[in-house]
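Participant: Residue numbers for the sequence shown follow full-length UniProt numbering, beginning at 1 and rising by one.
Glycine residues also receive a C-beta, built at the ideal position from the N, C-alpha and C atoms.
Before I ask anything, let me first share the structure, which is written out below as structure tokens.
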Amino acid sequence: MSPATIAAINCHLLTQDTSRSAIGWAGGQISHWNTALVEVRTREGVSGWGEAYYPGLSAPLATRAIVENYAPLLLGEDATDAARLFHKMRSKSLAWGKAGLPLMVAGSIEVALWDIKAQMLGVPLHHLFGGTAQDAITVYASGGNDAPRAQLIAEMEAYREQGFRAVKIRIGRSRSEDVAKVRLCREVLGPDIQLMVDAVMGHNPRPWSAREALDRANAIAEFDITWLEDPVGNRDYEGCAFVRAHSPIPIAAGETAVGLHEFLPYFEKQALDWVQPDPTHSGGIGECRDIAALARAHGVRVVYHSWGMAPCLAANYALAFADPDVRYLEYPTHGLPLVRELAADPHELVNGQFLAPTTPGLGVRLTPEILAAHGFVEGNVFWP
1 MSPATIAAIN CHLLTQDTSR SAIGWAGGQI SHWNTALVEV RTREGVSGWG
51 EAYYPGLSAP LATRAIVENY APLLLGEDAT DAARLFHKMR SKSLAWGKAG
101 LPLMVAGSIE VALWDIKAQM LGVPLHHLFG GTAQDAITVY ASGGNDAPRA
151 QLIAEMEAYR EQGFRAVKIR IGRSRSEDVA KVRLCREVLG PDIQLMVDAV
201 MGHNPRPWSA REALDRANAI AEFDITWLED PVGNRDYEGC AFVRAHSPIP
251 IAAGETAVGL HEFLPYFEKQ ALDWVQPDPT HSGGIGECRD IAALARAHGV
301 RVVYHSWGMA PCLAANYALA FADPDVRYLE YPTHGLPLVR ELAADPHELV
351 NGQFLAPTTP GLGVRLTPEI LAAHGFVEGN VFWP
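Below, the structure is given as structure tokens:
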């Protein structure tokens, strides 16, 4: 394959107004959803795409500044050499970019580089990581945010009618409210649909203690829960290990961790049954593949986090379809248009599953019409 010389790197900021139906849960509420799309363009005219999920949502201007800071390191380089260029970004930013936001952004640029390589080869992205290990994977509808009872019932009924085999809901209010919500959802979904419960404590400024989390796990265990997600605060590894050791429900976490070094304590402390990396904020595809390998070595299952827009989903699904052990795909049901508008070939549910993609690369498109419809609105960021 001939080299593809990097000619430009841009960060496109977009905003979706969700104020009329704000996305809310115990840890916060999103009234405007910002998205940061990284574009790496080659002299040959190929554009690769990456989404900086959490950075775009909460720090869009800082995200754009970091992209602009990394750009001079990569201009003129071979875009198909993603692993080397990711290492170059990290090694040249040791004084300020070892973790957190810079690592998230570097990972999003790395995703765009992999996208370019797959497009040039004419293959879907997952073919670069071992090919199609699975033809189809079960999808779980990721919703169940704060809503009135009637609206929640209608939402669960819709999932059942659409053919979802699994559903995830959010809790984190009072004990009685949480138990009532889980009970209601189980009753509406019936016994045959798997139910995951996300406490979202990794984003909550007032997270549960380990004992509070264990109490909640015991309170909802009777409803046949596949996993309890993020039961304690971000980086509370000891607390997570305590909950997992005593919980009647399997424990999942990791969506707020950035870089292999922040995932490692989960494995060392035997704190998880399921780990949830995401290349659009965990540090890129290479980092997530290392995290997945470490998870397998420790007997922990991988289920990729996917609650962003189309580029986020595509990157996570690529890793999932290349891995024979991944059992679920997360599909956000917040209804934001860029989940589908940015996808060249949006996924469709088939018997509760998504089929392996066939579009070359990530299958992402950004048109002038999309940019015009979702112009960036400065000053609206998500604060948990």
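On the CB-based measure, 16 or more other CB atoms within 10 Å of its CB, does Val350 come out buried or exposed?
Facilitator: Exposed, since its Cβ has fewer than 16 Cβ neighbours within 10 Å.
Participant: In the structure shown, what three-state DSSP assignment does Gly254 receive?
Facilitator: Note: Gly254 maps to coil in three-state DSSP.
Participant: To the nearest angstrom, how far is it from the Cα of Asn10 to the Cα of Ser47?
Facilitator: Rounded to whole angstroms, Asn10 to Ser47 spans 10 Å at the Cα level.
Participant: May I ask you to list the residues that DSSP assigns as paired with Gln194?
Facilitator: Partner(s): Ala166.
Participant: May I ask you to report which of helix, strand or coil DSSP gives Ile249?
Facilitator: Coil at Ile249, not helix or strand.
Participant: In three-state DSSP terms, what is Ala36?
Facilitator: Strand at Ala36.
Participant: Roughly how many angstroms lie between the CA atoms of Glu369 and Leu14, to the nearest whole one?
Facilitator: So the two alpha carbons sit approximately 12 Å from each other.
Participant: Per DSSP, what are the beta-bridge partners of Tyr328 in this structure?
Facilitator: Thr138, per the DSSP bridge assignment.
Participant: Among Ala62, Thr42, Ala36, Leu57, which has the Cα closest to the Cα of Gly50?
Facilitator: With distances taken between Cα atoms, Gly50 lies closest to Ala36.
Participant: Taking the continuous beta strand (DSSP E) assigned at His12, which residues delimit it?
Facilitator: Start and end: 6-17.
Participant: Among Lys117, Lys181, Asp273, His347, which one has its Cα closest to the Cα of Pro148?
Facilitator: Of Lys117, Lys181, Asp273, His347, the residue nearest in Cα terms is Lys181.
Participant: Quick check on Gly50: does DSSP put it in helix, strand or coil?
Facilitator: Gly50 falls in the strand class under three-state DSSP.
Participant: Please tell me whether Ala253 and Gly172 are closer than 9 Å, where the distance is taken between their beta carbons.
Facilitator: No, these two residues do not count as a Cβ contact at 9 Å.
Participant: In chain order, which beta strand (DSSP E) runs of at least 3 residues are fully inside the region 293-379?
Facilitator: 328-332, 353-355, all fully within the region 293-379.
Participant: How many Å lie between Ala295 and Pro279 at the Cα?
Facilitator: Going by the C-alpha atoms only, they are around 15 Å apart.
Participant: Closest by CA to Glu348, which one among Ala141, Pro60, Gly122, Gly233?
Facilitator: If we check each option's Cα against that of Glu348, Ala141 comes out closest.
Participant: What are the partner residues of Arg41, as DSSP defines its beta bridges?
Facilitator: Answer is Ala8, Ser47.
Participant: I need the straight-line Cα distance from Met86 to Arg183, nearest angstrom please.
Facilitator: The sequence shown places Phe at residue 86, rather than the Met named in the question. Roughly 46 Å separates the two Cα atoms.
Participant: Tell me the DSSP bridge mates of Trp25?
Facilitator: Trp25 is bridged to Gly28.
Participant: Have a look at the DSSP bridge pairing and note the partners of residue 386.
Facilitator: An answer regarding residue 386 cannot be provided, because it is not within the stretch 1 to 384 covered by the chain.
Participant: On the DSSP bridge list, what partners appear for Pro60?
Facilitator: In the DSSP output, where bridge partners are listed per residue, Pro60 has none listed.
Participant: What does a CB cutoff of less than 7 Å around Trp114 pick up in its chain, not counting 5 residues either side in sequence?
Facilitator: Excluding positions up to five away in sequence, the list reads Ala82, Leu125, Leu128, Ile285.
Participant: From which residue to which residue does the alpha helix (DSSP H) around Lys269 run?
Facilitator: From DSSP, Lys269 is part of no alpha helix (DSSP H); its letter is neither H nor E.
Participant: Could you check whether Ala320 and Ile137 sit closer than 9 Å to each other, using their CB atoms as the reference points?
Facilitator: Closer than 9 Å, so yes.
Participant: Rounded to whole angstroms, what is the Cα-Cα separation between Phe223 and Arg186?
Facilitator: The alpha-carbon atoms of Phe223 and Arg186 are separated by roughly 7 Å.
Participant: With DSSP collapsed to three states, give me the class of Asp290.
Facilitator: Three-state result, Asp290: helix.
Participant: When you compare only the Cα positions, how much space is there between Glu262 and Ala154?
Facilitator: Each residue's alpha carbon lies about 38 Å from the other.
Participant: On the three-state DSSP scale, how would you describe Pro124?
Facilitator: It is a strand residue.
Participant: Go to Asn218, then tell me how far its alpha helix (DSSP H) extends in each direction, as first and last residue.
Facilitator: Residues 210-220.
Participant: Spatial neighbours of Trp383 within its chain, please: CB distance less than 8 Å, with the 5 preceding and 5 following residues excluded, ordered by chain position.
Facilitator: Same-chain partners within the cutoff: Gly28, Ser58.
Participant: Pick out whichever of Arg340, Met309, Glu341, His305 has its Cα sitting closest to the Cα of residue 401.
Facilitator: The shown model of the chain, from 1 to 384, leaves out residue 401, and the question about it has no answer.
Participant: Taking DSSP as the reference, what is the three-state secondary structure of Asp81?
Facilitator: Coil, per DSSP.
Participant: Quick test of the definition: if touching needs 3 or more C-beta pairs under 8 Å, does the region 60-80 touch the region 17-27?
Facilitator: No, because fewer than three Cβ pairs between the region 60-80 and the region 17-27 fall closer than 8 Å, the two stretches do not touch.
Participant: If we ignore side chains and look at the alpha-carbon of each, how far apart do Pro324 and Ile66 end up?
Facilitator: Roughly 35 Å between the two C-alpha positions.
Participant: Between His298, Ser247, Leu214, which has its C-alpha nearest Glu268's C-alpha?
Facilitator: Selected option, being the one with the closest Cα: His298.
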